[in-house]
Amino acid sequence: MEVMLVCENPACRFLLDLREVVTTVNRSSLVLSGCPECGRSWSDRCPFCSQDLDVSWKEHHPHCAACHLALRPEPPEQSHPV
């Protein structure tokens, strides 16, 4: 069973720790159709290395425990004047 979920939206990457949710809500009654921040789907895999998502914290920022890349939102692309 997955423990951590990450929003699939690169500009969001909202993290959900199901271990904390389970302690307050019966998981079978929990319906998560999408990220509460942007509405996109969840993934239980690292968006960079595709390993099962496990998070380590470095300086208060989440990182993938497998590839060590930061699970931060990517900045929006800036349009350049032509």
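Using this note's numbering, read the sequence shown as starting at 559 and increasing by one per residue. A virtual CB, placed ideally from N, CA and C, is assigned to each residue, including glycine.
Residue i and residue j closer than 8 Å at C-beta
i	j	result
V564	L573	yes
A569	E632	yes
Residues of its chain near residue i, where Cβ-Cβ distance is below 6 Å and the 5 sequence neighbours each way are ignored
i	result
C614	This sequence places Ser at residue 614; Cys is not what is there. Hits under 6 Å: H621, A623.
A628	H619, H621
D612	A623
Neighbourhood of residue i by C-beta, 8 Å cutoff - its chain only, sequence neighbours within 5 removed
i	result
C596	C565, N567, A569, C570, F572
Neighbour-count burial assignment, residue i, 16 or more Cβ in a 10 Å radius
i	result
Q607	According to the sequence provided, residue 607 is Cys. The question's Gln does not apply to it. Exposed, since its Cβ has fewer than 16 Cβ neighbours within 10 Å.
C625	exposed
Identified DSSP bridge partners for residue i
i	result
H619	K616
C565	W600
A628	H621
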